[in-house]
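Asker: Quick one: structure below, then a few questions.
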Amino acid sequence: MKNKTDEEWKADRKWLMQMKRELSYKLEDAKNNRVSYHVSEIECYIKNLERITE
Numbered sequence: 163m164k165n166k167t168d169e170e171w172k173a174d175r176k177w178l179m180q181m182k183r184e185l186s187y188k189l190e191d192a193k194n195n196r197v198s199y200h201v202s203e204i205e206c207y208i209k210n211l212e213r214i215t216e
């Protein structure tokens with residue numbers, strides 16, 4: 163497995179931050195009962211993304 167360049171790490175981080183943003187929107191929808199997402203599952207995904215992107 164090759165080492166990632168700074169640009170590759172930046173791209174990965176950007177993608178992870180985008181995923182976190184999208185999950186945050188889904189979480190708000192779930193909390194407001196507008197969709198059938200499971201709040202606890204989405205919160206878990208967000209926590210994992212936060213840990214990865216710190």
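All residue numbers for the sequence shown refer to this note's numbering, where the first residue is 163 and numbers rise by one.
Beta carbons are placed, not taken as given, at the ideal position from N, Cα and C, and that holds for glycine.
How many whole angstroms separate the CB atoms of isoleucine 208 and alanine 192, which I take to be in contact at a CB cut-off of 8 Å?
Answerer: Their Cβ separation, rounded to whole angstroms, is 12 Å, which puts isoleucine 208 and alanine 192 out of contact at 8 Å.
Asker: How would you write the range of the alpha helix (DSSP H) that leucine 215 sits in, first residue to last?
Answerer: Correcting the residue identity first, residue 215 is threonine in this sequence and not leucine. Here the alpha helix (DSSP H) through threonine 215 covers 201-215.
Asker: To the nearest angstrom, report how far apart leucine 185 and valine 201 are at their CA atoms.
Answerer: Approximately 10 Å between the Cα atoms of the pair.
Asker: Does the distance from the CB of lysine 166 to the CB of aspartate 174 come in under 9 Å?
Answerer: Going by C-beta atoms, lysine 166 is nearer than 9 Å to aspartate 174.
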